[in-house]
Amino acid sequence: MAIKINREKKPAYTERVSRVYNLGKMSIISLLDMTAIADDPKLEYAADISDEVFDKVSADNFVATKDLQAYMTPTLIDTGNARVLVDTGLGFGGLMQSLKQANIDASSIDVVAITHMHPDHIGGLMTDGKPNFPNARYVVGSKEYNFWRKTEKGNIVGDLVANKLTPLAEKTTFIEDGGTITKGITAMASYGHSPGHFCFRVESEGQQIVLTADLANHYIWSFARPDWAFKFDFDTKEAAISRRRVLDMLATDKIPMIGYHMPFPGIGYVETRNKGFRFVPASYQLHKR
């Protein structure tokens with residue numbers, strides 16, 4: 000996702016920037032990298048939709064139409080055998096602040112897994128040319144990496160991949176759909192938002208959760224109208240197909256999700272609603288006790 004941030008409205012960090020959940024024997028921690036106010040969401044989420052329809056969908060769901068609060072939420076999974084960080088934020092320091100507050104040393108991260116290679120997911124891989132997670136191995140999608148590394152110089156994402164990810168290639172495992180990040184965590188193809196976008200399925204003792212990354216970027220518009228073209232989707236038609244397929248699976252099987260851009264801490268459930276879906280934020284169901 001790329002968002003048009005209003006620089007006059009300062010990004011705000013919450014007082015509590017991490018949240019811990021249980022999944023079988025695993026602990027899952029939502030980590031806030033950044034939250035900011037973005038202007039003119041219609042341009043990004045519903046450019047081809049009439050103002051009347053956009054206003055009605057928004058009003059029916061109690062959200063404003065002139066701006067939105069965007070969130071970026073990497074996830075840390077402690078499997079009991081490995082600490083796996085999923086995505087690394089923009090690289091402005093928010094994730095590192097959240098890790099520190101959660102008493103997690105960046106050097107203790109064993110695996111860094113990347114859902115896709117947009118700037119708000121790989122920007123925190125390195126700082127000043129040095130890895131932020133020096134003892135980690137890396138897992139990324141081969142389709143995603145191969146696309147961006149072949150782009151011409153001057154492509155924002157391609158240049159960032161060259162600077163932030165390619166230097167780590169010797170420590171990186173490149174996987175396909177269904178590939179294993181570590182025991183209990185597997186990649187699910189959900190192409191469209193980017194050429195090789197992955198969701199990650201996490202399983203422990205019969206329990207599951209799916210990290211949906213940028214499958215759906217807003218908790219109202221992307222769910223209520225999953226076929227609306229999102230400006231920053233690489234292939235809007237393929238993205239809409241992936242969105243419907245995965246959201247339908249989550250709703251049918253009642254599997255919780257963590258969405259990278261959902262309101263922090265990003266965890267919730269999906270239910271069908273009319274011809275679309277509804278994001279239902281979790282409350283206490285998965286809290287660590």
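At position 76 of the sequence shown the residue is numbered 75 (numbering that gives the first Met the number 0), and the sequence of numbers has no breaks.
Idealized CB from N, CA, C, for every residue including glycine.
| query | result |
| --- | --- |
| What does a CB cutoff of less than 8 Å around P262 pick up in its chain, not counting 5 residues either side in sequence? | Q68, Y70, Y218 and P280 |
| Suppose you measure from the CA of W227 to the CA of A215; what does that come to, to the nearest Å? | 11 Å |
| Can you give the beta carbon distance from H115 to S193, rounded, assuming they're within the 8 Å contact cut? | 4 Å |
| In its own chain, which residues sit with a C-beta less than 6 Å from the C-beta of E237, not counting the 5 before and 5 after it? | Y190 and G191 |
| List, from N- to C-terminal side, the beta strand (DSSP E) runs of 3 residues or more that fit wholly inside the segment 193-280. | 197-203, 206-212, 256-258, 266-272 and 275-280 |
| Using the C-alpha atoms, what's the distance from G205 back to N5? | Low confidence applies here, because N5 scores a pLDDT of 47, under 50, leaving its location unreliable; read the following figure in that light. The alpha-carbon atoms of N5 and G205 are separated by roughly 43 Å. |
| Using a Cβ-Cβ cut-off of 6 Å (strictly less than) and excluding sequence neighbours within five positions of I257, which residues of its own chain qualify? | T74, L210, G265 and I266 |
| Helix, strand or coil for A161? Go by DSSP, reduced to three states. | helix |
| Among A168, K230, G153 and G128, which has the Cα closest to the Cα of V111? | A168 |
| Might you give, ordered along the chain, the residues of its own chain that have their beta carbon closer than 8 Å to the beta carbon of D47, omitting 5 neighbours on each side? | W227 and A228 |
| Beta carbon of L30, beta carbon of L98: below 8 Å? | yes |
| Give the range of the beta strand (DSSP E) segment to which V19 is assigned. | S17 to L22 |
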